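All residue numbers for the sequence shown refer to our numbering, where the first residue is 68 and numbers rise by one. To start, the structure under review is shown below, and the notes come after it.
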Amino acid sequence: TVLSFSAPSRYLGDEEREVKGRMIRKTVLQPPNTTNQLVFTLDNVFTPQECREWIAMSERKGYEAALVNIGGGKQLPLAHIRDSSRCIIDDACMAGKLMENILPF
């Protein structure tokens, strides 16, 4: 089931906003063969130094095979569907920093 909606026009255009002294750029994308779906990227969300710190933190923690959720709270390694690794860090402070930067969009 795909949910269809009409996003308010303020979400549909490319834009730049100043957040914490730097310009963050939103670029709206139209994936092929889709309608009524909102997809966008945000550039410059973190400074180069913040990026290095987050990468270093993830490398210290380490990466594991990314599993596929099969329902009922279960996950399986299904490389033909998802062949990558991931690092999950549950950190309220980090989540707050991320939200501060992206919430204006």
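Ideal Cβ positions, reconstructed from N, Cα and C, are used throughout, including at glycine. Keep in mind that this is a model prediction, so the values were computed, not measured.
In three-state terms, what does DSSP make of residue i?
i, result
"Leu96", "strand"
"Gly88", "coil"
"Arg149", "coil"
"Ile137", "strand"
"Leu109", "strand"
Out of the options, which has the shortest C-alpha to C-alpha gap to residue i?
i, options, result
"Asp150", "Ile156, Lys141, Val135", "Val135"
"Ile137", "Tyr130, Glu131, Leu145", "Leu145"
"Phe113", "Pro99, Glu126, Ser152, Ile122", "Ile122"
"Cys118", "Leu165, Glu82, Met90", "Leu165"
Which residue or residues does DSSP assign as beta-bridge partners of residue i?
i, result
"Leu143", "Val135"
With the cut-off set at 7 Å, would you say residue i and residue j are in Cβ contact?
i, j, result
"Val86", "Pro98", "no"
Does the ligand NAD have even one heavy atom less than 6 Å from the beta-carbon of residue i?
i, result
"Pro98", "The ligand NAD is not among the ligands present in this structure, which contains no ligands whatsoever."
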